[in-house]
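Here is the structure we will look at, set down as structure tokens.
Residue numbers (the working numbering), protein chains in the order written: chain A, 3 to 112; chain B, 105 to 218.
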């Protein structure tokens, strides 16, 4: 059973376009993290959202935590080739270990 | 550097052989995780160490897999009698505590079983 479902699993778009990646669950999480992984490297944390409805911006990336803390989205504006990578969401329930989604593989074509 | 390191970076082994993968976490991090990642897919949780507590082994796929963490620092993941389906990238991560703390990942060990 996959507690965190990410969609789409694969996305290939042209440079300059906008995109949104979703992370959904039927479970409530105390916090949610987004990581990005580039080929040959381990994932690196982008952001942590904690409060329901919270929105965080990181340059052209906007992260939102759902009001009910069951889902999250990542929106990228004017995507660049450097945004290419595997994006992973991970949910935490208190002191329990993080649960990772299966990832969204994003390719930005020049 | 002060990041998580893993060795070897690549390992090719024959089916049936045993392998050991090593992880050096960030100094002072009490939590250490092992994950498996196949063909750029998501992370499959394997095992988790937190301080002196008994490890959470709930993700180990079979009794051929085991891990230990010595002195609360270095960890070794051992796969006995390797099978071709064990081929994957094995990632180690550490954090300052359990739960929602940021996990810092190593670059992984790419294991190929021929």
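Just so you know, even glycine gets a beta-carbon here, dropped at the ideal spot from N, CA and C.
Put simply, the CB of residue 33(A) is near chain B, with a gap under 8 Å to one of its CB atoms.
According to DSSP, residue 184(B) shares a beta bridge with no other residue.
For the pair residue 124(B) and residue 180(B), the CB atoms are nearer than the 8 Å cut-off. The C-beta of residue 97(A) comes closer than 8 Å to at least one C-beta of chain B.
From the listed residues 191(B), 211(B), 200(B), 157(B), the smallest Cα separation to residue 39(A) is found for 211(B). Residues of chain B with a Cβ closer than 7 Å to the Cβ of residue 104(A) are, in chain order, 145, 146. Under the Cβ criterion of 8 Å, residue 149(B) is counted among the residues facing chain A. If the five residues before and after residue 53(A) are omitted, its C-beta is found closer than 7 Å to the C-beta atoms of 67, all from its own chain and listed in chain order. Chain-order list of chain A residues neighbouring residue 206(B): 35, 47, 50, by C-beta distance under 8 Å. For residue 166(B), no beta strand (DSSP E) encloses it, and the DSSP letter there is neither H nor E. Interface flag for residue 70(A) against chain B is unset, since no Cβ pair is found closer than 8 Å. For residue 94(A), the closest C-alpha among the options 34(A), 13(A), 21(A), 5(A) is that of 34(A). Shown here, residue 107(B) sits in coil according to DSSP, grouped into three states, outside any helix or strand.
Each residue's CA atom was taken as its position, placing residue 200(B) and residue 139(B) some 17 Å apart.
The beta carbon of residue 202(B) sits closer than 8 Å to some beta carbon of chain A. Ranked by Cα distance from residue 81(A), the first of 50(A), 98(A), 15(A) is 15(A). Cβ proximity to chain B below 7 Å picks out 88, 90, 94, 96 from the segment 79-96 of chain A. Going by beta carbons, residue 146(B) and residue 102(A) fall inside the 8 Å limit. Residue 108(B) places its beta carbon less than 8 Å from that of residue 129(B). Under the DSSP assignment, residue 60(A) falls in the beta strand (DSSP E) whose first and last residues are 57-60.
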